[in-house]
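Undergrad: Take a look at the following structure, please.
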Amino acid sequence: MDALMLTLSLREFLGPWWAWSYSLSVFSAQFRKGIAL
């Protein structure tokens, strides 16, 4: 039961995680570009 709840909460938490990580990587890339300039 605990494992099931953990899996469900993890799935709920990691749902938008790909969008989070994508925007974060894009932001860091822009940040590095700005520093390079």
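Residue numbers (our numbering): 8 to 44. By construction, the Cβ of each residue, glycine as well, lies at the ideal position given by its N, Cα and C atoms.
Measuring straight from C-alpha to C-alpha, what distance separates Tyr29 and Asp9?
TA: For the purposes of this step, residue 29 is taken as residue 22 along the sequence shown, with counting starting at 1. For the purposes of this step, residue 9 is taken as residue 2 along the sequence shown, with counting starting at 1. Their backbone Cα atoms lie some 30 Å apart in a straight line.
Undergrad: Reducing DSSP to helix, strand and coil, say where Gly22 ends up.
TA: By one-based count along the sequence shown, residue 22 stands at place 15. In the structure shown, Gly22 sits in coil (DSSP, three-state: anything other than H, G, I, E or B).
Undergrad: Measure the alpha-carbon distance for Ile42 versus Leu11 and round it to whole angstroms.
TA: To locate residue 42, count along the sequence shown from 1; it is residue 35. To locate residue 11, count along the sequence shown from 1; it is residue 4. Cα to Cα, Ile42 sits roughly 45 Å from Leu11.
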